[in-house]
């Protein structure tokens with residue numbers, strides 16, 4: 012289970028402020044903490060200012076890379092910004108994200124292919140998220156076909172089945188998990204990722220719901236997630252789910268996590 | 012998801028003492044608290060004294076029935092004691108348990124059939140628990156065939172797939188969940204139940220593991236469990252899993268549990 016650390020995101024107020032003020036120490040601190048907490052990638056999102064997104068992304072990348080060598084997940088829908096950012100990174104990055112939207116496929120897939128990146132593929136089309144399992148599969152297959160045609164191998168693609176807000180869509184976790192199972196059965200080399208917080212929007216005790224979704228999605232085949240690596244309860248849920256899913260021989264990781272105090276937080 | 016309250020169990024030291032001293036107030040308190048916490052049945056186990064098990068069971072039943080009307084789960088492998096106990100209950104009880112052991116099938120199934128009880132069927136044979144999924148299925152099918160032959164309908168049977176200690180059997184949760192899925196596919200009317208505490212034997216932070224197993228098993232089809240209904244974290248996991256599995260329309264139960272303070276414990 013690989014973690015994409017989510018905290019350096021310019022749509023968050025405090026991060027936006029740090030970007031605007033060029034407060035590199037704040038960003039470095041977020042990078043360092045997420046790296047120490049075991050992230051496999053750090054997501055980097057410069058926020059939604061098209062005119063300065065490329066500059067902001069490059070500034071963020073340089074700040075982060077001054078304190079950690081962890082690869083980055085370049086979080087932007089802007090091909091120009093991505094084209095510039097992809098040249099500023101030390102290690103091959105992940106691109107977050109493409110979708111079934113033709114414009115995004117045409118403009119972003121070549122960047123992914125040319126730079127041998129991994130890429131997150133959202134199960135949505137022209138900014139619309141299909142409500143049924145069948146339609147979601149249709150969109151994902153369209154994206155995978157386009158990725159192959161662009162020269163991007165299946166094992167570079169991380170499908171995000173999009174777990175929507177359960178308060179307004181009762182079956183959203185079921186559909187997300189079924190989608191993972193079905194894509195995995197048909198495309199065994201494809202990876203999966205997921206944001207965990209939409210699901211619980213509007214509900215009390217949101218972390219309870221996010222953790223439960225993580226465990227259920229891991230059972231379905233989720234092998235990475237976009238989350239806050241400093242959330243120790245989520246980390247504990249990951250270690251425990253890996254154990255229960257038979258992926259932790261001799262309980263070594265579970266026992267190591269316990270010795271480190273993960274379950275005492 | 013129905014709860015079988017596990018706390019009135021004579022193999023627990025404090026309960027054994029209450030039975031020996033005929034301390035009815037202690038038993039009534041356990042019964043009352045488990046009933047208030049939403050149990051569907053209360054398990055009643057008089058401990059392991061064959062000479063006085065029937066007497067102890069009847070005493071326990073009378074104490075419990077003086078404070079709650081919840082049906083009981085008569086937890087004994089002793090046909091004589093069960094035959095007496097089954098006449099002491101006010102409501103049709105569950106019998107805990109039969110297994111593939113021929114002697115138990117022959118002696119206990121008639122009691123189940125005659126009294127129209129529900130019954131827990133353990134996935135084990137002659138006191139041996141099969142280590143593989145295939146062998147476990149074999150035992151369960153043998154029990155289900157015997158139950159039908161004795162006149163016990165599938166929907167009276169609660170299969171316990173037996174989640175063994177994961178510290179010594181890496182795939183134990185996977186096998187238990189796969190067993191539930193396979194039995195459900197072939198025998199759609201059969202119910203399931205499970206004890207949650209064996210899985211974490213010998214590990215630190217056991218509740219973490221028990222909760223994770225509960226969520227995964229509910230995804231597989233678990234519809235009841237033998238557990239401590241006063242464990243609020245387990246209760247929160249049940250409510251959350253039901254929500255995520257699409258079984259809580261408009262999040263009504265989740266919101267109700269939140270208002271009652273379940274997530275604040």
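Chains as they are written, first to last, in the working numbering: chain Y, 12 to 276; chain G, 12 to 276. We treat Cβ as the ideally placed atom computed from N, Cα and C, and that holds for glycine.
{"Query": "Stretch-stretch touch, CB-based, cutoff 8 Å, three pairs: the region 257-264 of chain G with the region 209-224 of chain G", "Result": "no"}
{"Query": "Secondary structure of residue 194 of chain Y, DSSP reduced to three states", "Result": "helix"}
{"Query": "Partners in chain Y for residue 226 of chain G, counting only beta-carbon separations shorter than 7 Å", "Result": "223, 226, 227"}
{"Query": "Closest residue to residue 127 of chain G among G:60, G:237, G:105 (Cα-Cα distance)", "Result": "G:105"}
{"Query": "Below-8 Å beta-carbon distance, residue 143 of chain Y vs any chain G residue", "Result": "no"}
{"Query": "Which listed residue (Y:155, Y:182, Y:120) has its alpha carbon closest to that of residue 142 of chain Y", "Result": "Y:182"}
{"Query": "Residues in the region 237-251 of chain Y having any Cβ partner in chain G nearer than 8 Å", "Result": "247, 248, 251"}
{"Query": "Stretch pair the region 110-124 of chain G + the region 68-75 of chain G: three plus CB contacts closer than 8 Å", "Result": "no"}
{"Query": "Member of Y:266, Y:13, Y:240 whose CA lies at the smallest distance from the CA of residue 47 of chain Y", "Result": "Y:240"}
{"Query": "Short CB-CB distance (under 8 Å) between residue 97 of chain Y and chain G", "Result": "no"}
{"Query": "Residue-level contact to chain G via CB, residue 260 of chain Y, 8 Å cutoff", "Result": "yes"}
{"Query": "Residues that DSSP places opposite residue 235 of chain Y in a beta bridge", "Result": "Y:13"}
{"Query": "Bridge partner(s) assigned by DSSP for residue 170 of chain G", "Result": "G:132, G:203"}
{"Query": "One or two residues paired with residue 175 of chain G in a DSSP bridge", "Result": "Answer is none; residue 175 of chain G lacks a bridge partner."}
{"Query": "Within chain Y, the residues that residue 184 of chain G reaches when beta carbons sit closer than 9 Å", "Result": "254, 255, 256, 257"}
{"Query": "Residue 94 of chain G, DSSP secondary structure in three states", "Result": "helix"}
{"Query": "Within chain G, the residues that residue 178 of chain Y reaches when beta carbons sit closer than 7 Å", "Result": "262"}
{"Query": "Proximal residues of chain G, C-beta to C-beta of residue 230 of chain Y below 7 Å", "Result": "227, 230"}
{"Query": "Closer than 7 Å at the beta carbon, the chain Y residues around residue 91 of chain G", "Result": "Simply none; closest approach about 39 Å."}
{"Query": "First through last residue of the alpha helix (DSSP H) which encompasses residue 122 of chain G", "Result": "113-126"}
{"Query": "Nearest candidate by alpha-carbon position, reference residue 147 of chain G, set G:122, G:193, G:245, G:123", "Result": "G:193"}
{"Query": "Helix, strand or coil at residue 105 of chain Y according to DSSP, with G and I counted as helix", "Result": "strand"}
{"Query": "Inter-residue spacing [alpha-carbon to alpha-carbon] between residue 137 of chain G and residue 150 of chain G", "Result": "10 Å"}
{"Query": "Within chain G, partners of residue 219 of chain Y - CB distance below 7 Å", "Result": "247, 251, 274"}
{"Query": "Distance CB(residue 233 of chain G)-CB(residue 205 of chain G) smaller than 8 Å", "Result": "yes"}
{"Query": "Span of the alpha helix (DSSP H), counted from its first residue to its last, around residue 68 of chain Y", "Result": "64-76"}
{"Query": "Strand pairing of residue 55 of chain G, partner residues [DSSP]", "Result": "G:85"}
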